[in-house]
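Going by my numbering, the sequence shown opens with residue 5, and the numbers climb by one from there.
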Amino acid sequence: MGRGKIVIRRIDNSTNRQVTFSKRRGGLLKKAKELSILCDAEVGLVVFSSTGRLHEFSSTNMKAVIDRYTKAKEEQPGVNATSEIKSLRFQENTCLASLTKNLSHLALVIFDSYLCH
Numbered sequence: 005m006g007r008g009k010i011v012i013r014r015i016d017n018s019t020n021r022q023v024t025f026s027k028r029r030g031g032l033l034k035k036a037k038e039l040s041i042l043c044d045a046e047v048g049l050v051v052f053s054s055t056g057r058l059h060e061f062s063s064t065n066m067k068a069v070i071d072r073y074t075k076a077k078e079e080q081p082g083v084n085a086t087s088e089i090k091s092l093r094f095q096e097n098t099c100l101a102s103l104t105k106n107l108s109h110l111a112l113v114i115f116d117s118y119l120c121h
């Protein structure tokens, strides 16, 4: 018999929330360890509880994992592509708004000159 599905939402009762956090944290740490062993993966997991307490797992040295992550993030092309795209879209929209305003003004001028003649 399988387990029933639960609705994923914040647990209102703080005691129940803490118990669930402890159980799921343990499961998550166990899965991280299994992943590192089974797949020979370098794993680093950092979890902060709602009270700010740090829980971590590292298959090697946590600092080495974080340094490797930071270096890979810097070398990866297109990491900041989202912010660049947003910036380009903003510039494009600003330019388009200016062109639309100028076009409307020219249309009024042409229309006025047409009416006068």
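Don't be surprised by glycine CBs; every beta carbon is placed ideally from N, CA and C.
Legend entry - Boundaries (first-last residue) of the beta strand (DSSP E) holding Val51: Note, Val51: beta strand (DSSP E), 48 to 52.
Legend entry - Where Ser62 falls: helix, strand or coil (DSSP): The three-state reading of DSSP puts Ser62 in strand, counting E and B together.
Inset, instruction - Compare the C-alpha of Thr55 against each of Ser63, Asn97, Thr19, Asn106 and name the closest. - result: With distances taken between Cα atoms, Thr55 lies closest to Thr19.
Inset, instruction - Taking all protein chains shown into account, decide if Ala45 is buried (16 or more other Cβ within 10 angstroms of its Cβ) or exposed. - result: So Ala45 ends up on the exposed side.
Legend entry - Distance between beta carbons of Val47 and Ser40, contact taken as under 8 Å: Indeed they touch by this definition, with Cβ atoms about 4 Å apart.
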